[in-house]
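The structure appears below as structure tokens.
Numbering (my numbering), first residue to last: 5 to 189.
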């Protein structure tokens with residue numbers, strides 16, 4: 005696992021900017037998706053459904069996370085370059101992938117801890133720390149990889165999130181309208 009990102013995120017982002025190694029970014033992306041998938045499988049396994057639901061939830065979590073991070077990276081790239089940043093898709097994907105790694109590690113640890121009774125307090129602390137690290141890495145990554153200031157980085161993330169929510173709600177709304185139209189006819 006790319007523990008260097010969790011141990012020293014600032015140095016890792018600086019190295020990513022210097023080396024522009026897409027292979028490392030893709031490895032980090034897959035590692036984050038795998039951790040999310042294992043965590044999802046653990047959570048479903050806790051419900052005592054041990055057959056296809058565990059595998060299905062793991063595969064779904066893996067692909068949704070993988071595709072979601074790639075799409076979020078693209079939205080970050082588009083927003084950052086429009087707002088004056090200089091960079092390529094690599095920058096958006098790297099910022100999102102690196103930021104998702106501590107979040108997925110925290111989610112994995114919380115899923116493991118959920119198997120042990122009376123660990124809710126520890127789970128809250130772990131998720132708070134991993135979420136703070138993940139979000140900090142995303143903002144710092146955007147700032148450094150696109151050579152923009154912190155305020156613009158915040159705006160970039162806000163625009164990307166709003167764009168993804170619009171896409172999600174529009175898609176769901178059109179799908180529901182299509183289903184409603186077939187029921188009326």
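For every residue, glycine included, the Cβ atom is placed at its ideal position computed from N, Cα and C.
{"query": "Backbone secondary structure at residue 121 - three-state DSSP", "result": "coil"}
{"query": "Residue 179, buried or exposed, once every other Cβ within 10 Å from all chains shown has been counted against 16", "result": "exposed"}
{"query": "Nearest-angstrom beta carbon gap, residue 41 and residue 65 [assumed within contact, 8 Å]", "result": "4 Å"}
{"query": "Closest residue to residue 107 among 35, 28 and 184 (Cα-Cα distance)", "result": "35"}
{"query": "Straight-line Cα distance separating residue 103 from residue 83", "result": "17 Å"}
{"query": "Straight-line Cα distance separating residue 7 from residue 160", "result": "27 Å"}
{"query": "Candidates 70, 149 and 114, of which the one nearest residue 93 by Cα", "result": "149"}
{"query": "Cut-off 6 Å between Cβ atoms - residues of its own chain near residue 152, not counting five sequence neighbours on either side", "result": "89"}
{"query": "Anticipated Cβ contact below 8 Å, residue 111 with residue 37, distance rounded", "result": "With 8 Å as the limit, residue 111 and residue 37 do not qualify as a contact, their Cβ atoms being about 11 Å apart."}
{"query": "Residue 71, enclosing alpha helix (DSSP H) - first and last residue", "result": "56-86"}
{"query": "7 Å CB neighbourhood of residue 100 in its chain, flanking five on each side removed", "result": "73, 76, 77, 80 and 142"}
{"query": "Contacting residues, own chain, Cβ-Cβ under 8 Å from residue 9 (five flanking each side not counted)", "result": "16, 32, 102, 105, 106 and 141"}
{"query": "Element boundaries [alpha helix (DSSP H), containing residue 151]", "result": "Unbroken run through residue 151: none, as it is neither H nor E."}
{"query": "Proximity to residue 51 [Cα-Cα], best of 118, 30 and 18", "result": "118"}
{"query": "Per-residue DSSP class, three states only, for residue 12", "result": "coil"}
{"query": "Rounded straight-line distance, which links the Cα of residue 46 to that of residue 55", "result": "13 Å"}
{"query": "CA-to-CA distance, residue 186 to residue 158, given in whole angstroms", "result": "42 Å"}
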